[in-house]
Amino acid sequence: MKLVGRSSPFGGETRTRVLLALALLGESYPRELSRLLGKPLNGIQQAIRSLEKDGLIGGRSMGRTRLFRLEPRYFAARELEAYLKRLADPDDDLRDRVATLRRRPRRTGKPLTL
Amino acid sequence: MSLTKRSSISDVAGVVSEALERAGIRTVLSGGACASIHSQGAYQSVDIDFIVQSAATRPAIERTLAPEGFHRRGDQYFHDLAPYYIEFPPGPVAIGSDYSIAPIVQKVGAYHIRMLSATDSCRDRLAAAFHWRDAAALRAAVEIALRNDVNFQTIKKWSESERSLDKYEAFLEEVEKSKRRRRARGRTR
Numbered sequence: 462m463k464l465v466g467r468s469s470p471f472g473g474e475t476r477t478r479v480l481l482a483l484a485l486l487g488e489s490y491p492r493e494l495s496r497l498l499g500k501p502l503n504g505i506q507q508a509i510r511s512l513e514k515d516g517l518i519g520g521r522s523m524g525r526t527r528l529f530r531l532e533p534r535y536f537a538a539r540e541l542e543a544y545l546k547r548l549a550d551p552d553d554d555l556r557d558r559v560a561t562l563r564r565r566p567r568r569t570g571k572p573l574t575l
Numbered sequence: 063m064s065l066t067k068r069s070s071i072s073d074v075a076g077v078v079s080e081a082l083e084r085a086g087i088r089t090v091l092s093g094g095a096c097a098s099i100h101s102q103g104a105y106q107s108v109d110i111d112f113i114v115q116s117a118a119t120r121p122a123i124e125r126t127l128a129p130e131g132f133h134r135r136g137d138q139y140f141h142d143l144a145p146y147y148i149e150f151p152p153g154p155v156a157i158g159s160d161y162s163i164a165p166i167v168q169k170v171g172a173y174h175i176r177m178l179s180a181t182d183s184c185r186d187r188l189a190a191a192f193h194w195r196d197a198a199a200l201r202a203a204v205e206i207a208l209r210n211d212v213n214f215q216t217i218k219k220w221s222e223s224e225r226s227l228d229k230y231e232a233f234l235e236e237v238e239k240s241k242r243r244r245r246a247r248g249r250t251r
């Protein structure tokens, strides 16, 4: 369901949210984006496919996972990134969610809890 | 000329390019197929990317390519026999942030193909090497540079604008290494 008061300048709320998340994260994969944005995986995958087709994002395979990022070869890549970061600026909720994602390495076998 | 399973990538690109041109659809060959032609086959690709530069609908492209033996599956056009497929990635014709690209019309075998120049095709492969760390793309750029009179000044200036001058230096080193290896092989023959 579309949230009231959120603009979707990229043709759909999920497409816009995926772009915003990728601008903040740098790189991500569909399941992580689904968790982060609180949206169903198939909707995220559909948005990713259409963004990829439009040349705005690109993906590479890492084992069985596809990692996506804003396409750095897109002719307006720098402007797009700057615009997305500007759009994400007032979105405290999204920035807080991104801030809770652990990206730094964790040594293999190190327990998660005591 | 009818395409067969033995048709080369340049034959397929040529047949498609000329068919689209006859139908009034202006395209520019780019990507891997263009690199394959400029590297004289040293770099191989199975997909043939055309950037459409005139207003053309999908049915119009389908109607144009069907008599040449192509059928659409999703966004790709496959030939009944030839082992390559055609794609139409979104425009404009751009190499990284540079969209002031002047395509050339080159005679390739029996066909005239509007395509990226050797220098631009080299930059196109370098864009993938710089931004995606793609080693195969770097190799392709080197092969193009070895076989064509590419403009290194243009490539250097563009690399700078892509904030990849250090990677340009690595590319140049690879070109020099390849030249040395070729000379050494020539001496032992």
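Protein sequences appear in the order of chains A and B. The opening residue of the first sequence carries number 462 in this note's numbering; numbering runs sequentially from there. The opening residue of the second sequence carries number 63 in this note's numbering; numbering runs sequentially from there. Note that CB positions come from ideal geometry on N, CA and C, so glycine has one too.
By the Cβ rule, the segment 102 to 109 of chain B does not count as touching the segment 158 to 167 of chain B, because fewer than three pairs are nearer than 8 Å. Taking 8 Å as the cut-off, the Cβ atoms of B:S159 and B:S223 count as close.
A:L502 places its beta carbon 8 Å or farther from that of A:A482. Runs of the beta strand (DSSP E) spanning 3 or more residues and lying entirely within the segment 131 to 162 of chain B occur at 132 to 135, 138 to 141, 147 to 149, in chain order. Taking C-alpha positions only, B:R185 is separated from B:L91 by approximately 14 Å.
If the five residues before and after B:K239 are omitted, its C-beta is found closer than 6 Å to no C-beta atom of its own chain.
For B:P154, the closest Cβ of chain A is nearer than 8 Å. For A:V559, the enclosing alpha helix (DSSP H) covers residues 553 to 560. When secondary structure is reduced to three states using DSSP, B:R176 falls in the strand class. Membership of B:G94 in the alpha helix (DSSP H) is indicated by the continuous run 93 to 100. Only those residues of the segment 511 to 534 of chain A whose C-beta falls short of 8 Å from the nearest C-beta of chain B are listed: K514, D515, G516, G519, R521, P533, R534. DSSP places A:L531 outside any alpha helix (DSSP H); the residue lies instead in the beta strand (DSSP E), whose first and last residues are 526 to 531.
In the DSSP annotation of this structure, A:S468 is not part of any beta strand (DSSP E), being labelled neither H nor E.
The DSSP-derived three-state label of B:T89 is strand. In the three-state reduction of the DSSP assignment, B:K169 falls in the strand class. The beta-bridge partner set that DSSP reports for B:I123 is empty.
Within the same chain, V204, A207, L208 come within 8 Å of B:V237 by CB-CB distance, once the 5 residues on both sides are set aside. One Cα belongs to B:F140, the other to B:S64, and the distance between them is close to 14 Å.
Of the residues A:D515, A:R564, A:R558, A:D552, the one whose Cα lies closest to the Cα of A:G472 is A:D515.
For B:G76, the enclosing alpha helix (DSSP H) starts and ends at 71 to 84. Sequence-distant Cβ neighbours of A:A484 in its own chain, meaning closer than 7 Å and more than five residues away, are L531, E542, L545, K546, A549. No Cβ of chain B is located within less than 8 Å of the beta carbon of A:A543. Secondary structure of A:S489 (DSSP, three-state): strand.
Distance check between B:I113 and each of B:V170, B:A189, B:Y147, B:G153 places B:G153 closest, using alpha-carbon atoms only. Per DSSP, reduced to three states, the secondary structure at B:S223 is helical. A contact between stretches requires three or more CB pairs, one per stretch, nearer than 8 Å, and the segment 76 to 91 of chain B meets this requirement with the segment 168 to 184 of chain B.
Going by DSSP, B:V114 is part of no alpha helix (DSSP H) but of the beta strand (DSSP E) stretching over 109 to 114. One alpha carbon belongs to B:L227, the other to A:A538, and they sit about 18 Å apart. The C-beta distance from B:V212 to B:T181 rounds to 5 Å, short enough to meet the 8 Å contact threshold. Residue environment: B:A246 is assigned as exposed (fewer than 16 neighbouring CB atoms within 10 Å of its CB, all protein chains considered).
With 16 or more other Cβ atoms inside 10 Å of its own Cβ, B:S72 counts as buried.
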